[in-house]
Amino acid sequence: MPLQPWMKLLSTDDHLIEPPRLWVDRLPAKYQEAGPRIVEQPRGGDAAPAEVWSYEGRIYPYIGLNAVAGKQPEEFGMEPTRYDEMIPGCYDPKARLRDMDLDGVWGALCFPSFPRFAGTVFLDGQDRQLAGLCVKAWNDFVLDEWSATAPDRLIPLIILPLWDVRECVAEIHRTAAKGAKAISFPENPVPLGLPSFHTDHWDPVFSAAEETDLPLCLHFGTSGNAPKTAPEAPFAVTIALFGCNSMYATADLLFSPVFHRHPQLKVGLSEGGIGWIPYLLDRIDFTWERHRFYQNVNQDGRPSELFRRHMHGCFIDDEFGVRSRHDIGVDHITWECDYPHSDSYWPKSRAYAAEVMADVPDDEVHRMVELNTRRLYNLPA
Amino acid sequence: MSRRPESERSDWTDLDLLTREEAADRLREEITETEARLGDADPAERELLETRLRALREAAEELGSS
Numbered sequence: 001m002p003l004q005p006w007m008k009l010l011s012t013d014d015h016l017i018e019p020p021r022l023w024v025d026r027l028p029a030k031y032q033e034a035g036p037r038i039v040e041q042p043r044g045g046d047a048a049p050a051e052v053w054s055y056e057g058r059i060y061p062y063i064g065l066n067a068v069a070g071k072q073p074e075e076f077g078m079e080p081t082r083y084d085e086m087i088p089g090c091y092d093p094k095a096r097l098r099d100m101d102l103d104g105v106w107g108a109l110c111f112p113s114f115p116r117f118a119g120t121v122f123l124d125g126q127d128r129q130l131a132g133l134c135v136k137a138w139n140d141f142v143l144d145e146w147s148a149t150a151p152d153r154l155i156p157l158i159i160l161p162l163w164d165v166r167e168c169v170a171e172i173h174r175t176a177a178k179g180a181k182a183i184s185f186p187e188n189p190v191p192l193g194l195p196s197f198h199t200d201h202w203d204p205v206f207s208a209a210e211e212t213d214l215p216l217c218l219h220f221g222t223s224g225n226a227p228k229t230a231p232e233a234p235f236a237v238t239i240a241l242f243g244c245n246s247m248y249a250t251a252d253l254l255f256s257p258v259f260h261r262h263p264q265l266k267v268g269l270s271e272g273g274i275g276w277i278p279y280l281l282d283r284i285d286f287t288w289e290r291h292r293f294y295q296n297v298n299q300d301g302r303p304s305e306l307f308r309r310h311m312h313g314c315f316i317d318d319e320f321g322v323r324s325r326h327d328i329g330v331d332h333i334t335w336e337c338d339y340p341h342s343d344s345y346w347p348k349s350r351a352y353a354a355e356v357m358a359d360v361p362d363d364e365v366h367r368m369v370e371l372n373t374r375r376l377y378n379l380p381a
Numbered sequence: 382m383s384r385r386p387e388s389e390r391s392d393w394t395d396l397d398l399l400t401r402e403e404a405a406d407r408l409r410e411e412i413t414e415t416e417a418r419l420g421d422a423d424p425a426e427r428e429l430l431e432t433r434l435r436a437l438r439e440a441a442e443e444l445g446s447s
């Protein structure tokens, strides 16, 4: 059994659901009405009303999922649209730890839900001062309450006020001083109306990430664009193509000036699997060797070398990726659980990880499930 | 404020959470499988399995009781 009992599983992609009073408890009185708060909406029939977020009067019909979007209220009933319909581990850090124990998982890096995975919901904010306070409130919740419950197990990840680079820099330094370990950042800022990785716009942010040694975590979907081939295509098409978002982000970054200007920057691709990495790196190197001379791309280093200096991916159940680990680079692979989404294997994540890595030598398993994450996210053993 | 949800934007449209019911089902399945392993277990493993069973049963009861 290569996954030994003493190896601690560290997940680089889990999620938390914001408790209903997260912002109410942290925003000044003048923002109580406009700031994010839970309101009830009828679901029809005898069903208890749905609980949804209200932010500046806009309704966001998901507290932990979006399965209600586009449905009639009477169709809401099957999914948890109220806190009391969720498993408490979604929003209660003590319950989360208990669920992690049942799952054989030691540590978890948790992305936001209502703010979207990179906090981009606050780009919708009409009042930028309120939006900035909302970002700080989420980060303070994570640092002071969520992760503080078990600092060695609940790894604090922060979000940024993406509309203001100076504010982003200040927030990185503020939260790093409080113990933040990672920054959630959009996989591609352009669809969000923000400047691309090919501009110098984000340089101060990336410099701050280097100075504080906080990796950027690019969760797929954070650009706001999911792979979709046709309006009538089943969602299975989108699910099957999720890894393509990570491929886009990888190619975009490797052909951008980002890693040349920021030699210490670390980037984690959150969710999206790993099996595609060897093909894409081959393809990117081929493109660079043949086409770099007439394009505005760096001429000095092969993109695959940049990948291995700066980037890492993660997997839940990518058996092909595990078999291809030497082509990827074992030190560039981390493990993820994805609790509390239903595609996680809870409460059998550890057993399933052992099964997927049954043919992998012990030391490589240890690197993928624990040691790489400790190194990349500066987590002491 | 409108009565109906307006926004369909999310980072994981239609990727859902574990429901309480689904979580309870998974726990019951794990309890059954763990109980089945008790018979073949040596004393040390048996102790570990029994500890796990207690935790699984406690979690299943909590989900089932509320």
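Chains as they are written, first to last, in my numbering: chain A, 1 to 381; chain B, 382 to 447. A virtual CB, placed ideally from N, CA and C, is assigned to each residue, including glycine.
Checklist entry - Taking Cβ-Cβ distances below 7 Å as the criterion, which residues of the segment 396–422 of chain B are in contact with chain A? => result Leu396, Asp397, Leu398, Leu399, Thr400, Arg401, Glu403, Ala404, Arg407, Leu408 and Glu411
Checklist entry - DSSP on A:Cys337, reduced to helix/strand/coil? => result coil
Checklist entry - Rounded to a whole number of angstroms, what is the C-alpha to C-alpha distance between A:Pro347 and A:Pro2? => result 20 Å
Checklist entry - Within 10 angstroms of its Cβ, does A:Trp23 collect 16 or more other Cβ (buried), or is it exposed? => result buried
Next on the checklist: Below 9 Å on C-beta distance, what does A:Leu102 contact in chain B?
Outcome noted: Leu408, Glu411, Arg433, Ala436, Leu437 and Ala440
Checklist entry - How long is the line joining the alpha carbons of A:Trp163 and A:Gln264, rounded to whole angstroms? => result 24 Å
Item to check | Closer than 8 Å at the beta carbon, the chain B residues around A:His312 | outcome: The contacting residues do not exist; A:His312 stays about 20 Å from chain B at best.
Item to check | Residue range of the unbroken beta strand (DSSP E) whose run includes A:Tyr345 | outcome: That residue, A:Tyr345, is in no beta strand (DSSP E); it is neither H nor E in DSSP.
Checklist entry - Closest Cβ-Cβ distance between A:Cys244 and chain B: below 8 Å? => result no
Checklist entry - Which residues of chain B have a Cβ atom closer than 8 Å to the Cβ of A:Glu85, listed in chain order? => result Thr400 and Arg401
Next on the checklist: Within 10 Å of its beta-carbon, does A:Glu33 have 16 or more other beta-carbons around it, so buried, or fewer, so exposed?
Outcome noted: exposed
Next on the checklist: Using a Cβ distance threshold of 8 Å, determine whether the segment 168–176 of chain A contacts the segment 25–39 of chain A, with at least three qualifying pairs required.
Outcome noted: no
Checklist entry - Less than 8 Å separating the beta-carbons of A:Thr81 and A:Thr334? => result no
Checklist entry - Applying a beta-carbon distance threshold of less than 8 Å, which residues of chain A neighbour B:Leu444? => result Ile87
Next on the checklist: For A:Tyr60, list the residues DSSP reports as bridge partners.
Outcome noted: A:Trp53
Item to check | DSSP-derived helix/strand/coil call for A:Asp99 | outcome: helix
Item to check | C-beta neighbour in chain B for A:Leu65, strict 8 Å | outcome: Interpretation of A:Leu65 is limited by its pLDDT of 47, a score under 50 that renders its predicted location unreliable; no figure is taken from the coordinates.
Checklist entry - What do you reckon, are the CB atoms on A:Leu216 and A:Ile239 nearer than 8 Å? => result no
Next on the checklist: Give me the residue from B:Leu444, B:Arg433, B:Gly445 and B:Ala441 with the minimum Cα distance to A:Gly104.
Outcome noted: B:Arg433
Next on the checklist: One question on the structure: do A:Ile158 and A:Asn139 come within less than 8 Å of each other, judged by their Cβ atoms?
Outcome noted: yes
Checklist entry - To the nearest angstrom, how far is it from the Cα of A:Asp144 to the Cα of A:Asp124? => result 26 Å
Checklist entry - Where A:Leu10 and A:Val142 are concerned, what is the direct C-alpha to C-alpha distance, given to the nearest angstrom? => result 18 Å
Item to check | Separation of A:Ala148 from B:Ala440, as counted between CA atoms | outcome: 23 Å
Next on the checklist: Please list, in chain order, the chain B residues whose beta carbon lies closer than 7 Å to that of A:Ser342.
Outcome noted: Asp397, Leu398, Leu399 and Glu403
Checklist entry - Should the segment 351–368 of chain A be called in touch with the segment 395–409 of chain B, which here means at least 3 C-beta pairs below 8 Å? => result no
Checklist entry - Three or more C-beta pairs closer than 8 Å, one from the segment 396–413 of chain B and one from the segment 368–379 of chain A: is that the case here? => result no
Item to check | Residue range of the unbroken beta strand (DSSP E) whose run includes A:Leu269 | outcome: Val267 to Ser270
Next on the checklist: Does the segment 211–228 of chain A come into contact with the segment 241–258 of chain A, if we say contact requires no fewer than three beta-carbon pairs (one atom in each stretch) closer than 8 Å?
Outcome noted: yes
Item to check | Contact check, A:Glu370 vs A:Met100, beta carbons under 8 Å | outcome: no
Item to check | Cβ distance (whole Å) where A:Arg37 is taken to contact A:Ser54 below 8 Å | outcome: 6 Å
Checklist entry - Using the beta-carbon count (16 or more within 10 Å), is A:Ser196 buried or exposed? => result exposed
Checklist entry - With A:Ile328 and A:Pro278 assumed to form a contact (beta carbons below 8 Å), what rounded beta-carbon distance in angstroms separates them? => result 6 Å
Next on the checklist: Given this structure, state the Cα-to-Cα distance separating A:Ala47 from A:Gln41, to the nearest angstrom.
Outcome noted: 11 Å
Checklist entry - By how many angstroms is the C-alpha of A:Asn372 removed from the C-alpha of B:Ala425? => result 31 Å
Checklist entry - Is B:Thr400 buried or exposed, if buried means 16 or more other CB atoms sit within 10 Å of its CB? => result buried
Checklist entry - For A:Pro347 and chain B, any beta-carbon pair shorter than 8 Å? => result yes
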